[in-house]
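First residue of the sequence shown? That's 46 in the numbering used here, and the numbers climb one at a time after it. Cβ atoms here follow ideal geometry from the backbone N, Cα and C, with glycine treated the same way. Written below as structure tokens is the structure these notes are about.
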Amino acid sequence: MERLKVALLLKSEPGKKVLAKGWVRTKRGNKNVSFIALNDGSTINNIQIVCDASKFDEEFMKQITTGACIGVEGDLVASMGSGQAVEIQAGKIEIYGVADSTYPLQKKGHSMEFLREIAHLRPRTNTFGAVLRIRHAMAFAIHNFFNSKGFCYLHTPLITASDCEGAGEMFQVTTMDLNNIPRTEDGAIDFGSDFFGRQTSLTVSGQLEGELGATALGEIYTFGPTFRAENSNTPRHLAEFWMIEPEMAFYDIKDNMDLAEEFIKYLVNYALENCLDDITFLNNMFDNELIDRLRGVLKEDFVRLSYTEGIEILEQAKKDGVKFEFPVGWGTDLQSEHERYLVEKHFKKPVILTDYPKDIKAFYMKQNEDGKTVRAMDVLFPKIGEIIGGSQREESYEKLTQRIEELGMDTRGLWWYLDTRRWGSAPHSGFGLGFERLLMFVTGMSNIRDVIPFPRTPNNAEF
Ligand code: 4AD
Ligand code: MG
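If you want it as structure tokens, here you go:
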């Protein structure tokens, strides 16, 4: 008999023979009858299996405990109980794998911290099942969105010799013998003898290669893992996270903001339309404002204002007695507390902040006429802070090389990037959406470690 998934069974009409397979969430009952809640990961909901004691051996039934994996053949019938329309009247049960009392997920209500220690098992909980299904749906929706707009999915390399963001937060990639590092005559590390014949790292962003794609294919996006060796142990940073980076020829900063806003709204709407069971579960369990917050984002136009105006608002707030941990002032980078003040307290909706001081942004951003600011845009979200970072790119060869030299960067390593400005340079723009930051918003999870199956953070690379 063909196995049907629980998601499908729960929507099926009663009155047929079925086969279900999955993991036992709970078993309860009395000496006449047992009720098993079976889940196979296809939905947050379990299917109830009713087992008549007369049909099954008592010793056999004792082996069916929380966590065990079983297959059940039986009749799909209308359920007498509340909470489900149908249930399975078991005829035959096969046990694939037992789970004794040492199984860590015995009872509900484990702390998120404990579940992180058993990240290999936590996908079997309701919470992580919901989060991981939403994660999948969002990945699918991202491809859908760009595909429907004619963007080309460009696969940019993970191993690179350039530091896109210029922040020096790169993980090195090497096959050198670390106990016997080859040296040149003057004692320096001889990267020439390393695998790639040069110093290489894991990429912090696919943008630079993305720009090569955009200035050929017009509109591209990347969607892949990126790596940052920033030693920040916060609820919003991972050492390995996924980023979506669209890059578009002929887009200015305004077109870029329009796309970013449309993109996030599309994803939030997709989640509400396709993942409402899971979102409702998370809303009820963790954050009863989640659904309101998601709907709220769809209704509002995002506020657009300059960094300079943002700083004025923050300085005024300080005068009015708001306490910030970090200093506020023109020229300083905004901390998450400042971003969240603007979004949650001042405007009460998402904010796109533009035209940041050039000294706190990356070398590739288009310089404004004032000589002080660049055409950057950060999208700031409630509960998250920065969810997107992007900009219009500097398309002038002269201005770009001058900026690279000002910053003391090595133009030689970037010769291929500068060639886009040398020949057929085009106005263009792009941005990066942190996939896990988006998922924090959509799921309401407050720690980024809980929206990726196996988080990588300082001192943590288990599983
Ligand atoms: O602002 P960032 O550093 O921008 C870039 O990397 C650009 N090259 C993007 C582009 O224009 N193509 O990073 C973009 C986004 C941030 O807004 C944030 O959502 C996420 O990536 N992000 C992180 N997410 C999790 N952990 C980290 N350590 C992150 N660092 C950035
Ligand atoms: Mg940023």
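Output yes or no for whether 8 Å exceeds the beta carbon distance between residue i and residue j.
i, j, result
"G67", "L83", "yes"
"H473", "Y296", "yes"
"E439", "Q412", "yes"
"Y386", "L359", "yes"
"I497", "L283", "yes"
"N314", "L335", "no"
"D332", "T88", "no"
"R243", "G430", "no"
"G434", "N301", "no"
"P395", "L425", "yes"
"R228", "R494", "no"
"D239", "T219", "yes"
"E382", "F369", "yes"
"N171", "F286", "no"
"I298", "R420", "yes"
"L203", "G269", "yes"
"A407", "A294", "no"
"A316", "I163", "no"
"F480", "M288", "yes"
For residue i, collect the residues of the same chain with a Cβ closer than 6 Å to its Cβ; drop the 5 residues on either side in sequence, then sort them by chain order.
i, result
"R74", "What sits at residue 74 in the sequence shown is Gly, not Arg. So the qualifying residues of the chain are F80."
"E139", "G116"
"F191", "Y266"
"Q252", "C209 and E290"
"A113", "V69, V143 and A144"
"A135", "I94, C96, V117 and G119"
"Y352", "L398, D400 and Y401"
"I405", "D378"
"V388", "V396, L425 and P427"
"G489", "L327, F331, D332 and L335"
Is it buried or exposed for residue i, if we count other Cβ within 10 angstroms and need 16 for buried?
i, result
"P500", "buried"
"S277", "exposed"
"F236", "buried"
"Q361", "exposed"
"T456", "exposed"
"H165", "exposed"
"M509", "The chain is shown from 46 up to 508; residue 509 falls before or after that span and cannot be answered."
"N328", "buried"
"W375", "exposed"
"N226", "The displayed chain sequence assigns Ile, not Asn, to residue 226. Under this definition I226 is an exposed residue."
"E158", "exposed"
"N91", "buried"
"R340", "exposed"
"S193", "exposed"
"F173", "buried"
"E29", "This structure cannot speak to residue 29, because the chain is shown only from 46 to 508."
Between which residues of its own chain and residue i is the CB-CB distance below 7 Å, once the five residues before and five after are set aside?
i, result
"G255", "L199, T201, I265, T267, E290, E292 and G475"
"T465", "E256, L257 and T260"
"R338", "P427"
"T205", "T245, S246 and T248"
"N319", "A182"
"S491", "P280"
"A175", "I89, D323, F326 and L327"
"V373", "I356, L359, E360, K363 and H383"
For a test of the three-state rule: what should DSSP assign to residue i, helix, strand or coil?
i, result
"F286", "strand"
"W460", "helix"
"D120", "strand"
"V51", "helix"
"Y198", "strand"
"M106", "helix"
"Y32", "No statement about residue 32 is possible, as the shown extent of the chain runs from 46 to 508 and does not include it."
"C100", "Note that residue 100 is Lys in the sequence shown, not Cys. Correct three-state label for K100: helix."
"S381", "helix"
"A135", "strand"
"N84", "strand"
"S238", "helix"
"D400", "strand"
"A294", "strand"
"F486", "helix"
"N171", "helix"
"R273", "coil"
"Q93", "strand"
Assuming residue i and residue j form a contact by the criterion Cβ under 8 Å, report the distance between their Cβ atoms to the nearest whole angstrom.
i, j, result
"E118", "K100", "With a Cβ gap of about 12 Å, E118 and K100 do not count as contacting."
"Q93", "E132", "4 Å"
"L483", "M183", "7 Å"
"F371", "E306", "Wrong, their Cβ atoms sit about 28 Å apart, outside the cutoff."
"S207", "G458", "6 Å"
"K72", "T111", "7 Å"
Quick one: residues in its chain with C-beta nearer than 8 Å to the C-beta of residue i, no 5 flanking neighbours on either side, listed in chain order?
i, result
"M106", "S79, C96 and A98"
"L177", "P168 and P498"
Any heavy atom of ligand 4 closer than 7 Å to the Cβ of residue i?
i, result
"D423", "Absent from the structure shown: ligand 4. Ligands present: ligand 1 and ligand 2."
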